[in-house]
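Read through the structure below, which is laid out as structure tokens, and then see the notes.
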Amino acid sequence: MRLLIVEDNERLAGLIAEGLGRRGFICDMAPDLATAEDSLAGAEFDAIILDLGLPDGDGLAWLQHQRALRQLVPALMLTARGGLEDRIAGLDAGADDYLVKPVDIEELAARIRALLRRPGPRAVSVLESGPLRFDPVTREARLDDRVIDLSRREADLLELLMRRLGSVVVRDAIENALYSFNEPVTPNAVEAIVSRLRRKLEEAGLAGQLHTVRGVGYMLRSG
571 MRLLIVEDNE RLAGLIAEGL GRRGFICDMA PDLATAEDSL AGAEFDAIIL
621 DLGLPDGDGL AWLQHQRALR QLVPALMLTA RGGLEDRIAG LDAGADDYLV
671 KPVDIEELAA RIRALLRRPG PRAVSVLESG PLRFDPVTRE ARLDDRVIDL
721 SRREADLLEL LMRRLGSVVV RDAIENALYS FNEPVTPNAV EAIVSRLRRK
771 LEEAGLAGQL HTVRGVGYML RSG
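To convert, count from 1 in the sequence shown and add 570; that's the working numbering.
Below you can see the structure in the form of structure tokens.
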């Protein structure tokens, strides 16, 4: 699951991204609202973590404007403004949750997972392909009752392929989903992850379902 952290404190944003990264999230950081808008235009995110006091505007007004313009993904406000009136204003402006700094990273991760379970256009439900099941919240893949041990990026790839089951996913889309903007990507990185996922699916008893469409991308066929 990919998150956008809109926070002008570079050190804090880095700590949040590192902590959430260890818990299975891909994180991009935006130090201001202009960068946040560019990021939203360039990639698909599952949720936004939003500060209020930003160099080029107020996060509260920005969120209201974005909600009026489009169907925005869940937004969690993370701010030093902890008064009751501030929390009410944030929620009324369109925030799906509101936390006051400093925050425990475990609670932040749990709040995000809870947001993604709520009904809505980005609601997360268990994905299925025959006996193969993947839970996007727990990041757990199962074949019948057996757990398939996957790395974070293998799980991200499986989720992407299962969401587009039966369709070819181009290499650039996979790279965009598996890596944040600032992460270095080696020329054969995607191929290596696909190879590892294919091997693990085959070892679990799902041979022949993950296909390479030469020169285009990859496809998971229905089980």
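A virtual CB, placed ideally from N, CA and C, is assigned to each residue, including glycine.
With DSSP as the reference, identify every bridge partner of residue i, one or two as the case may be.
i	result
Gly-623	Asp-628
Ile-682	Paired residues: none, contrary to the question.
Ile-718	Ala-711
Ala-617	Leu-573
Leu-646	Ile-619, Asp-667
Ile-596	Arg-572
Glu-772	According to DSSP, Glu-772 bridges with nothing at all.
Val-783	Gly-787
Arg-657	None, per the DSSP bridge assignment.
Val-760	Note: Val-760 sits in no beta bridge, so no partner.
Val-740	Gly-787
Glu-698	Arg-703
Name the residue from the options whose alpha carbon lies nearest to the alpha carbon of residue i.
i	options	result
Thr-756	Leu-767, Asp-742, Arg-769, Arg-768	Asp-742
Leu-731	Arg-769, Asn-746, Leu-790	Leu-790
Asp-714	Arg-572, Ala-663, Arg-703, Ala-679	Arg-703
Ala-762	Lys-671, Tyr-788, Ala-613	Tyr-788
Gln-636	Arg-657, Asp-608, Arg-581	Asp-608
Val-738	Arg-651, Ala-777, Ser-699, Thr-782	Thr-782
Arg-733	Trp-632, Val-760, Ser-695	Ser-695
Leu-735	Asp-602, Gln-779, Ala-638, Leu-654	Gln-779
Ser-699	Glu-677, Val-670, Leu-771, Pro-644	Leu-771
Gly-653	Leu-727, Glu-729, Asp-616, Val-670	Val-670
Leu-622	Asp-578, Glu-655, Leu-585	Asp-578
Pro-625	Asp-602, Gln-634, Ala-606	Asp-602
Which word fits residue i, buried or exposed, when buried means at least 16 other C-beta atoms lie within 10 angstroms of its C-beta?
i	result
Ser-792	exposed
Ala-604	exposed
Pro-691	Note that Pro-691 has pLDDT 49, beneath the 50 cutoff, so the model's placement of it is unreliable and no number is given.
Ala-638	exposed
Ile-658	exposed
Phe-615	buried
Pro-644	buried
Leu-686	buried
Leu-720	buried
Leu-590	buried
Thinking C-beta only, is residue j closer than 9 Å to residue i?
i	j	result
Asn-666	Arg-688	Per the sequence shown, residue 666 should be read as Asp rather than Asn. Yes, Cβ-Cβ distance for Asp-666 and Arg-688 is below 9 Å.
Leu-620	Val-673	no
Ala-611	Asp-598	no
Gly-629	Thr-649	yes
Ile-618	Leu-582	no
At the level of alpha carbons, what is the spacing between residue i and residue j?
i	j	result
Glu-753	Asn-746	10 Å
Gly-627	Arg-722	35 Å
Ala-600	Arg-712	35 Å
Ala-679	Glu-588	12 Å
Leu-642	Asn-758	33 Å
Ala-777	Arg-768	8 Å
Leu-661	Arg-716	41 Å
Glu-580	Trp-632	20 Å
Leu-727	Met-571	10 Å
Met-647	Ile-682	11 Å
Gly-775	Asp-656	53 Å
Phe-751	Glu-724	18 Å
Val-740	Val-786	6 Å
Glu-676	Glu-773	33 Å
Tyr-749	Arg-651	32 Å
Tyr-668	Arg-709	24 Å
Gln-634	Leu-585	27 Å
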